[in-house]
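Protein chains: 2
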Amino acid sequence: MATGRTHRPATRSRGIPEATVARLPLYLRALTALSERSVPTVSSEELAAAAGVNSAKLRKDFSYLGSYGTRGVGYDVEYLVYQISRELGLTQDWPVVIVGIGNLGAALANYGGFASRGFRVAALIDADPGLTGKPVAGIPVQHTDDLEKIIKDDRVSIGVIATPAGAAQQVCDRLVAAGVTSILNFAPTVLSVPDGVDVRKVDLSIELQILAFHEQRKSGEETAAGDGALPAAVTPRDDADQGPDGDVPAVMPA
Amino acid sequence: MATGRTHRPATRSRGIPEATVARLPLYLRALTALSERSVPTVSSEELAAAAGVNSAKLRKDFSYLGSYGTRGVGYDVEYLVYQISRELGLTQDWPVVIVGIGNLGAALANYGGFASRGFRVAALIDADPGLTGKPVAGIPVQHTDDLEKIIKDDRVSIGVIATPAGAAQQVCDRLVAAGVTSILNFAPTVLSVPDGVDVRKVDLSIELQILAFHEQRKSGEETAAGDGALPAAVTPRDDADQGPDGDVPAVMPA
DNA sequence: CCATCTTTGTGCACGCGTTCACAAAGACAT
DNA sequence: ATGTCTTTGTGAACGCGTGCACAAAGATGG
Numbered sequence: 001m002a003t004g005r006t007h008r009p010a011t012r013s014r015g016i017p018e019a020t021v022a023r024l025p026l027y028l029r030a031l032t033a034l035s036e037r038s039v040p041t042v043s044s045e046e047l048a049a050a051a052g053v054n055s056a057k058l059r060k061d062f063s064y065l066g067s068y069g070t071r072g073v074g075y076d077v078e079y080l081v082y083q084i085s086r087e088l089g090l091t092q093d094w095p096v097v098i099v100g101i102g103n104l105g106a107a108l109a110n111y112g113g114f115a116s117r118g119f120r121v122a123a124l125i126d127a128d129p130g131l132t133g134k135p136v137a138g139i140p141v142q143h144t145d146d147l148e149k150i151i152k153d154d155r156v157s158i159g160v161i162a163t164p165a166g167a168a169q170q171v172c173d174r175l176v177a178a179g180v181t182s183i184l185n186f187a188p189t190v191l192s193v194p195d196g197v198d199v200r201k202v203d204l205s206i207e208l209q210i211l212a213f214h215e216q217r218k219s220g221e222e223t224a225a226g227d228g229a230l231p232a233a234v235t236p237r238d239d240a241d242q243g244p245d246g247d248v249p250a251v252m253p254a
Numbered sequence: 001m002a003t004g005r006t007h008r009p010a011t012r013s014r015g016i017p018e019a020t021v022a023r024l025p026l027y028l029r030a031l032t033a034l035s036e037r038s039v040p041t042v043s044s045e046e047l048a049a050a051a052g053v054n055s056a057k058l059r060k061d062f063s064y065l066g067s068y069g070t071r072g073v074g075y076d077v078e079y080l081v082y083q084i085s086r087e088l089g090l091t092q093d094w095p096v097v098i099v100g101i102g103n104l105g106a107a108l109a110n111y112g113g114f115a116s117r118g119f120r121v122a123a124l125i126d127a128d129p130g131l132t133g134k135p136v137a138g139i140p141v142q143h144t145d146d147l148e149k150i151i152k153d154d155r156v157s158i159g160v161i162a163t164p165a166g167a168a169q170q171v172c173d174r175l176v177a178a179g180v181t182s183i184l185n186f187a188p189t190v191l192s193v194p195d196g197v198d199v200r201k202v203d204l205s206i207e208l209q210i211l212a213f214h215e216q217r218k219s220g221e222e223t224a225a226g227d228g229a230l231p232a233a234v235t236p237r238d239d240a241d242q243g244p245d246g247d248v249p250a251v252m253p254a
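Each protein sequence line maps, in turn, to chains A and B.
Mapping the first sequence onto the UniProt record's numbering, position 89 (from 1) lands on 89, and the numbers just tick up by one.
Mapping the second sequence onto the UniProt record's numbering, position 65 (from 1) lands on 65, and the numbers just tick up by one.
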């Protein structure tokens, strides 16, 4: 039933791998910086360093777009900026609605990176009548009742959900029903959407927990002689009374 | 030189795959919800549906932690909550500092999901002297000058960077020098960190661009007879004057 | 105690993504 | 025109992640 699918499974639209698509914005950012410094060309090695990836990976990524480099020279910065922008669809206008204007929603509305690349905040929507009409980031907040009308009038296809978890699925359903086919979800919930709708999630809590996992590993490495690596800069956190398997919780399985 | 590495390459600490670690918080969230409804046990099928993943994947994920299920019955909810929490390191206290108290930093400070699972906002730090002392989310903002002291006094090992892009690398360097070994980066920049330091990034702009890519694909599918899927609900966006390869940019490569 | 039924745990195969390593291609100097 | 030097583009191998499909394990009922 495709509930909560985040990365798309294997639809790979025209041959550009999903992993490559996810890196294109990174390259674009690095290239834009070079462009502003009027750098004419760049080698895969330099650009890869700027984007924080392997140079072979970068070359293979670009090879999916076509042969835009010149051997012995590198890539033309301006040309590549245009090609990647076009491939990502950033040469057109993407109206975006943000639903849920709390702390996070307001921060997103104020975020400059939005407007920079083809994205335009078409509307801010919140369920709180007290907010209706109040400007946030220069845009008046509209009430949830008008959600469908806003989506349709402005032909919005991308929605950002920044509501509490409890409201997210309902908002999502309404967005999709009104015609939104891409959703960026900040609410800590798994969203169910029909086929043909893309969902990407940004989950602060999950990221922190992943960091905590690795952090814990760095601290407690008593048992099992180290498998190499783990060189320096490890604060030796003294109170490591967290037995690797010792104590049992109050509750036991039947 | 390991610059800007996000997912760790292949260090796989004790056999738990990175992909599994990334899903554990998802399972934990679903299990916590079940726990609050006093559900005693859950099958892999049910839990997988709640977490939005394949049931076989979930079972394999759990198998890396050990054999915590009972065949014919399922998994004990409370026990699994504890085991996953322990594995993720959430049974201990993780002091976190947030650097950069702008719109986003303030939103993060107010985010409840922080405190819920072992994470504690130890300090808010900003370079603006005008902010120093002012409470945000009930915590007084401290000045960047005291960053090192705060990190060391509170034994902080996780830092959240919510500064503008220009300041991020510098803040990162100071955090790392002071002893932070895990960083969650919200600034749109590639961070360079020494080995042994984990960086995860949350980049709104990148997520939107990935969505735009797929959105563009949904709209313009003139050439190349569809490879199946893509059934309905596609707004037929009329003005598709974006030739798949036709027009050339103003700037051409040499 | 045995049969049946449910659900876990996992062997296996497949596909995607990454990386190495190198041949091909072009720039540039002589 | 020829040779050298740089850098791209990619074939091939490898490893990780995913999902199928099934045997093993235990619960449950007679």
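We put the beta carbon where it would ideally sit given N, CA and C, even for glycine.
Source: prediction; values computed, not measured.
Query: Cβ neighbour criterion (16 or more within 10 Å) applied to Val141 of chain A; Result: buried
Query: Against chain A: residues of the region 201–221 of chain B by CB proximity under 7 Å; Result: Val202, Leu204, Ser205, Ile206, Glu207, Leu208, Gln209, Ile210, Leu211, Ala212, Phe213, His214, Glu215, Gln216, Arg217 and Lys218
Query: Test: Gly52 of chain A CB closer than 8 Å to a CB of chain B; Result: yes
Query: Chain B contact for Arg117 of chain A (CB, 8 Å cutoff); Result: yes
Query: Exposed unless 16 or more other CB atoms sit within 10 angstroms - verdict on Arg117 of chain A; Result: buried
Query: Val202 of chain B in three-state terms, based on DSSP; Result: coil
Query: Top-ranked residue by Cα proximity to Pro188 of chain B, from B:Thr181, B:Gly166, B:Asp195 and B:Gly179; Result: B:Gly166
Query: Member of A:Ser43, A:Val21, A:Val77 and A:Tyr27 whose CA lies at the smallest distance from the CA of Ser35 of chain A; Result: A:Val77
Query: Residue range of the unbroken alpha helix (DSSP H) whose run includes Asn110 of chain B; Result: Asn103 to Asn110
Query: Counted within 10 angstroms of its Cβ, other Cβ atoms place Asp198 of chain B as buried (16 or more) or exposed; Result: buried
Query: Opposing strand residues paired with Val141 of chain A [DSSP bridges]; Result: A:Leu124
Query: 8 Å Cβ cut-off: residues of chain A touching Leu26 of chain B; Result: Val190 and Ile206
Query: Residues sharing a beta bridge with residue 323 of chain A, DSSP; Result: In this structure chain A extends from 1 to 254, so residue 323 of chain A is not present and cannot be described.
Query: Three-pair Cβ contact test at 8 Å for the region 126–145 of chain A versus the region 203–221 of chain A; Result: no
Query: The region 121–128 of chain A in contact with the region 59–73 of chain A per 3-pair CB rule at 8 Å; Result: no
Query: Exposed unless 16 or more other CB atoms sit within 10 angstroms - verdict on Lys152 of chain B; Result: exposed
Query: Buried or exposed by the 16-neighbour rule on C-beta atoms within 10 Å, applied to Pro17 of chain B; Result: exposed
Query: Asp76 of chain B in three-state terms, based on DSSP; Result: strand
Query: Extent of the continuous beta strand (DSSP E) to which Ser38 of chain B belongs; Result: Run containing Ser38 of chain B: none; DSSP gives neither H nor E here.
Query: Pairwise C-alpha distance: Arg200 of chain A and Ala19 of chain A; Result: 14 Å
Query: Rounded Cβ spacing between Gly74 of chain A and Ser55 of chain A (contact assumed at less than 8 Å); Result: The Cβ separation is near 11 Å, so there is no contact.
Query: Beta carbon proximity, Ser157 of chain B to chain A, threshold 8 Å; Result: yes
Query: Separation of Pro194 of chain A from Val39 of chain B, as counted between CA atoms; Result: 28 Å
Query: Any chain B beta carbon closer than 8 Å to Gly226 of chain A; Result: Confidence is the limiting factor: at Gly226 of chain A the pLDDT is only 33, short of 50, which leaves the residue's position unreliable and the question unanswerable from this model.
Query: Alpha-carbon spacing of Arg37 of chain B relative to Phe186 of chain A, whole angstroms; Result: 24 Å
Query: Neighbourhood of Thr181 of chain B by C-beta, 6 Å cutoff - its chain only, sequence neighbours within 5 removed; Result: Ser157 and Val197
Query: Proximity below 8 Å, CB of Gly52 of chain A to CB of Val190 of chain B; Result: yes
Query: Neighbourhood of Leu147 of chain A by C-beta, 6 Å cutoff - its chain only, sequence neighbours within 5 removed; Result: Ile125 and Arg174
Query: Any chain A beta carbon closer than 8 Å to Asp146 of chain B; Result: no
Query: Bridge partner(s) assigned by DSSP for Leu184 of chain B; Result: B:Val160 and B:Arg200
Query: Cβ-based contacts, 8 Å cut-off: residues of the region 98–111 of chain A near chain B; Result: Gly102, Asn103, Leu104, Ala106, Ala107, Leu108, Asn110 and Tyr111
Query: Contact set for Leu131 of chain B: own chain, Cβ-Cβ below 7 Å, skip 5 residues either direction; Result: Ile101 and Val141
Query: Option in A:Ser192, A:Gln216, A:Cys172 and A:Val202 with minimal Cα separation from Val97 of chain A; Result: A:Cys172
Query: DSSP beta-bridge partners of Pro135 of chain A; Result: A:Pro140
Query: Beta carbon of Gly89 of chain B nearer than 8 Å to that of Glu215 of chain A; Result: yes
Query: Partner residues on chain A for residue 255 of chain B, Cβ-Cβ distance less than 9 Å; Result: With chain B represented from 1 up to 254, any question about residue 255 of chain B goes unanswered, as that position is not in the structure.
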